[in-house]
Ligand code: ATR
């Protein structure tokens with residue numbers, strides 16, 4: 059019998075997840091179907107309940123429901139607890155396991171696909187919203203020499219760093235960045251989604267980019283974002299969220315199917331548009 063999965067979000071029409079999971083399933087002979095579900099903003103749990111009644115095996119959860127999915131789960135993995143958000147659910151009778159594969163997807167793309175070491179690197183994480191919360195634990199697990207978090211609303215960056223008190227995470231204001239240098243700058247803000255925000259991230263001073271640094275945009279977009287353009291002008295190598303998107307999907311696929319999916323071909327397919 060075909061096993062049923064879906065990605066649940068609002069909006070959801072743009073989601074590439076069905077395409078990615080179909081490609082994994084084809085390549086690894088997995089008998090699954092994977093659909094998109096648009097959940098009304100105030101009816102997340104009802105939408106998941108209805109999907110489970112169809113004997114579904116699992117779901118990916120995307121914006122804006124990752125915090126609600128965290129509360130919906132009856133059991134949580136350690137990495138879901140660390141990030142406070144869930145992007146992968148596994149259904150097993152009355153039990154629902156909540157996991158978070160975003161951090162693993164990000165670090166695997168940076169280290170394995172792009173060949174950039176996080177270990178020992180000076181890392182700057184821009185943003186302190188849901189996307190940033192989801193990846194700090196995984197970044198710290200890679201042992202950067204320092205993880206600096208900067209956010210437009212500084213108090214949120216300070217709160218995120220405080221959550222990892224005792225680690226080498228710190229929060230700085232944008233003003234304090236001017237005398238710092240970073241090997242890896244990750245944009246976890248949603249600024250690139252706002253059409254008129256061209257200058258919002260130009261506040262990262264160009265001299266922050268160390269020689270040979272990587273500027274990584276977590277948002278998946280066709281074409282360069284303003285963050286990438288600014289970083290590129292400052293001499294940084296740039297990369298986009300397509301690799302992370304595919305790697306977090308591969309990690310979910312592994313959680314559900316126990317199969318490590320081949321990702322390179324799928325990343326290349328999506329990168330071509
Ligand atoms: P997500 O789940 O995508 O992280 P979020 O929780 O709403 O969404 O967080 C959005 C993040 O992008 C926040 O860090 C936000 O900064 P504030 O905390 O100051 O709101 C950041 N952000 C959004 N638009 C931005 C802009 N134009 N310039 C800089 N930061 C921006």
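Residue numbers (the working numbering): 59 to 331.
The beta-carbon is built from N, C-alpha and C at its ideal position, and this holds for glycine as well.
Please read all numbers here as calculations on a predicted model, not as lab measurements.
Query	Result
Spatial neighbours of residue 133 in its chain, beta-carbon cut-off 8 angstroms, leaving aside the 5 residues before and after	153, 154, 155 and 156
Residue from 59, 113, 90 and 138 whose Cα sits closest to the Cα of residue 315	90
Span of the beta strand (DSSP E), counted from its first residue to its last, around residue 115	Run containing residue 115: none; DSSP gives neither H nor E here.
Any non-hydrogen atom of the ligand ATR within 7 angstroms of residue 248 CB	yes
Residue 214 CB to nearest heavy atom of the ligand ATR below 7 angstroms	yes
Beta-carbon spacing of residue 114, residue 64 below 8 angstroms	yes
Neighbourhood of residue 60 by C-beta, 8 angstroms cutoff - its chain only, sequence neighbours within 5 removed	89, 90 and 91
Cβ-Cβ distance between residue 220 and residue 207 below 8 angstroms	no
Straight-line gap, residue 262 to residue 235 (C-alpha atoms, nearest Å)	7 angstroms
Residue 130 in three-state terms, based on DSSP	helix
Boundaries of the beta strand (DSSP E) in which residue 91 is found, first to last residue	90-96
Neighbourhood of residue 204 by C-beta distance below 6 angstroms, restricted to the same chain and skipping five residues each side	180 and 226
Three-state class that DSSP yields for residue 282 in the structure shown	coil
Distance cut-off 7 angstroms: residue 210 Cβ against heavy atoms of the ligand ATR	yes
Straight-line gap, residue 138 to residue 326 (C-alpha atoms, nearest Å)	29 angstroms
Buried versus exposed, by CB contacts within 10 Å (16 or more), residue 192	buried
Exposure of residue 265, with buried meaning 16 or more beta-carbon neighbours within 10 Å	exposed
Residue 141 vs residue 161 beta-carbon contact at 8 angstroms	yes
Heavy atom of the ligand ATR within 7 angstroms of residue 189 beta-carbon	yes
Local Cβ density within 10 Å of residue 288, reported as buried at 16 or more and exposed below that	buried
Secondary structure of residue 210, DSSP reduced to three states	coil
8 angstroms Cβ cutoff met for residue 300 and residue 272	no
Residues of its chain near residue 163, where Cβ-Cβ distance is below 7 angstroms and the 5 sequence neighbours each way are ignored	302, 305, 306 and 309
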